Amino acid sequence: MRILVTGATGFLGSHLVETLIGSRHTVTCLVRKTSNLKYLEGLEYERREASLDDPEALRAAVMGQEAIVHCAALVRATNKDQFFKVNAEGTRNLAQAATDAAPELKRFLLVSSQAAIGPSPNGVVVDETTAPNPIDTYGKSKLQGEREVQKFADRLPITIVRPSAIYGPRDQDIFQIFQAVHLHVRPVVGMGRRMLSLCHVSDVIQVITRALDHEGAIGETYLASTDRPATWREVTSTFAQAMGTWAVLVPVPPPVLHVYAAWNEWIAKWTGKARTFNRDKARVMLEVGWTCDISKAKNELGYHPRIDLLHGAETTYRWYRENGWL
Ligand SMILES: NC(=O)c1ccc[n+]([C@@H]2O[C@H](COP(=O)([O-])OP(=O)(O)OC[C@H]3O[C@@H](n4cnc5c(N)ncnc54)[C@H](OP(=O)(O)O)[C@@H]3O)[C@@H](O)[C@H]2O)c1
Numbered sequence: 001m002r003i004l005v006t007g008a009t010g011f012l013g014s015h016l017v018e019t020l021i022g023s024r025h026t027v028t029c030l031v032r033k034t035s036n037l038k039y040l041e042g043l044e045y046e047r048r049e050a051s052l053d054d055p056e057a058l059r060a061a062v063m064g065q066e067a068i069v070h071c072a073a074l075v076r077a078t079n080k081d082q083f084f085k086v087n088a089e090g091t092r093n094l095a096q097a098a099t100d101a102a103p104e105l106k107r108f109l110l111v112s113s114q115a116a117i118g119p120s121p122n123g124v125v126v127d128e129t130t131a132p133n134p135i136d137t138y139g140k141s142k143l144q145g146e147r148e149v150q151k152f153a154d155r156l157p158i159t160i161v162r163p164s165a166i167y168g169p170r171d172q173d174i175f176q177i178f179q180a181v182h183l184h185v186r187p188v189v190g191m192g193r194r195m196l197s198l199c200h201v202s203d204v205i206q207v208i209t210r211a212l213d214h215e216g217a218i219g220e221t222y223l224a225s226t227d228r229p230a231t232w233r234e235v236t237s238t239f240a241q242a243m244g245t246w247a248v249l250v251p252v253p254p255p256v257l258h259v260y261a262a263w264n265e266w267i268a269k270w271t272g273k274a275r276t277f278n279r280d281k282a283r284v285m286l287e288v289g290w291t292c293d294i295s296k297a298k299n300e301l302g303y304h305p306r307i308d309l310l311h312g313a314e315t316t317y318r319w320y321r322e323n324g325w326l
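Take the sequence shown: its position 18, counting from 1, is numbered 18 in my numbering, and each next residue is one higher.
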């Protein structure tokens, strides 16, 4: 299949491009003039240059494609407008371009996020029937992106995949936990008993590729995650085990988290550079749980998570070591 991947230079997108090429698809990567292409080096792909705010370039990029996997998004930003401009308006621009200029399109797959639904209310796992209630600006912008795409449902063969938090080689967010454990610290909010579903990048890709292949996935939404949610205590101790090191559990009281978040926002404001941690992220971390039920992907797509946390952490840690991140 001829597949256009947006966000191809990012964490998830670059792994996805590798997998699709390995499965003999003809892959076109949507990149920007400013994109760093290092994760695409050595791969055989076609390149189209377009930003999500450039409708004309997007129309040129989608021409002749049989599938589009829309991974591009802003995952950190300094303000609400930036999030909505890319994650909602940019997504609408791409859907419009696909409608106008990709008549052979068999699938438009939007990579959304569990953040678009929000946390597990009172610790109850969320599934595809849970009413969306995003609590941070990123999640709200991703939900708006879903709604923009749904407006094209009568003209585009849409599938939405909502991954939970993802980890794996090249990831910069969960990496910060690896960094802390490397310094022999296991930071956890409160007593570390909050639960989360943390999914290895290759398992998210398994959901995406299975959904692309499955005719019945048109018009459907799937959560993509592990079937073994863990507490932060378990996650950090598994990371320490995977890294072959010791680390001391350091419970972080919520007020300290808020101060640290405000400090990060202050730095972001003065440098003009978005940081991973801010008050929104603190709110996210203070929720009781971020767990989800993946039965729908299992039953309808035949998805089976293959990478358990220990094995995933070991290979991810190895990659960070080999690439000089740790
Ligand atoms: N990472 C997670 O834990 C997680 C969890 C759930 C869902 N997701 C979703 O998964 C997708 C990929 O996330 P990621 O973690 O791989 O993010 P990432 O590493 O930050 O990659 C983002 C990609 O989007 C591209 N992009 C950003 N703004 C763009 C614009 N205006 N026009 C064109 N391209 C643009 C970036 O291109 P440049 O290289 O040019 O900057 C980059 O390739 C996103 O949709 C995200 O919401 C991620």
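The C-beta atom is built at its ideal place from N, Cα and C for all residues, glycine as well. Keep in mind it's a predicted model, so treat the numbers as computed, not measured.
Classify residue 195 as helix, strand or coil using the three-state DSSP reduction.
-> strand
CB of residue 62 to nearest heavy atom of ligand 1: below 7 Å?
-> no
Alpha helix (DSSP H) segment containing residue 146, residue limits = 137 to 150
Separation of residue 290 from residue 27, as counted between CA atoms = In a straight line, the C-alpha of residue 27 is about 33 Å away from that of residue 290.
Buried or exposed for residue 23, please, with buried defined as at least 16 other CB atoms from any protein chain shown within 10 angstroms of its CB.
-> exposed
Who does residue 337 pair with in a DSSP beta bridge?
-> Shown here, the chain extends from 1 to 326; a query on residue 337 therefore has no answer.
Can you name, in chain order, every residue of its own chain whose Cβ lies under 7 Å from the Cβ of residue 139, other than the five neighbours on each side?
-> These residues qualify, in order along the chain: 113, 115, 116, 118.
For residue 151, verify whether its CB is less than 7 Å away from any heavy atom of ligand 1.
-> no
Residue 18 versus residue 226: straight-line alpha-carbon distance, rounded = Here the C-alpha atom of residue 18 lies approximately 21 Å from the C-alpha atom of residue 226.
Hey, would you say the C-beta of residue 36 is under 7 Å away from at least one heavy atom of ligand 1?
-> yes
Determine, using beta carbons only, whether residue 128 and residue 296 come nearer to each other than 8 Å.
-> yes
Evaluate contact between the stretch 152 to 168 and the stretch 213 to 229, counting only Cβ atoms and requiring at least three cross-stretch pairs below 8 Å.
-> yes
Quick one: Cα of residue 48 to Cα of residue 30, how far?
-> 5 Å
For the beta strand (DSSP E) that residue 317 lies in, which residues bound it at each end?
-> Premise fails: residue 317 lies in the alpha helix (DSSP H), 309 to 322, not in any beta strand (DSSP E).
Cα separation between residue 151 and residue 69?
-> 17 Å
Look at residue 218 and residue 158 and say whether their C-beta atoms are less than 8 Å apart.
-> yes
Mind checking residue 253: buried by the 16 CB within 10 Å criterion, or exposed?
-> exposed
Verify the contact flag: residue 370, CB atom, against every heavy atom of ligand 1, threshold strictly below 7 Å.
-> For residue 370 there is no data in the structure shown, the boundaries of the chain being 1 and 326.
Neighbourhood of residue 156 by C-beta distance below 8 Å, restricted to the same chain and skipping five residues each side = 95, 98, 99, 105, 108, 149
Would you identify the three-state DSSP class for residue 68, choosing helix, strand or coil?
-> strand
Cβ-Cβ distance between residue 1 and residue 67 below 8 Å | yes
Collapsed DSSP secondary structure at residue 26 in the structure displayed = Three-state result, residue 26: strand.
Less than 7 Å between the CB of residue 12 and some heavy atom of ligand 1, yes or no?
-> yes
Could you check the C-alpha separation between residue 181 and residue 232 for me, to the nearest Å?
-> 12 Å
Between the stretch 172 to 191 and the stretch 243 to 257, do three or more beta carbon pairs fall short of 8 Å?
-> yes
Looking at residue 6 and ligand 1, is the gap between the Cβ and the nearest heavy atom below 7 Å?
-> yes
Bridge-paired residues (DSSP) for residue 221 | 160
For residue 65, does the count of other Cβ atoms within 10 angstroms reach 16, so buried, or fall short, so exposed?
-> Answer is buried; the Cβ neighbour count reaches 16.
Buried or exposed: residue 312, going by 16 or more other Cβ atoms within 10 Å of its Cβ?
-> Under this definition residue 312 is a buried residue.
Report the option in 230, 240, 306, 271 whose CA atom is closest to the CA atom of residue 201.
-> The closest CA to that of residue 201, considering only 230, 240, 306, 271, is found on 306.
Stretch-stretch touch, CB-based, cutoff 8 Å, three pairs: the stretch 44 to 63 with the stretch 86 to 93 | yes
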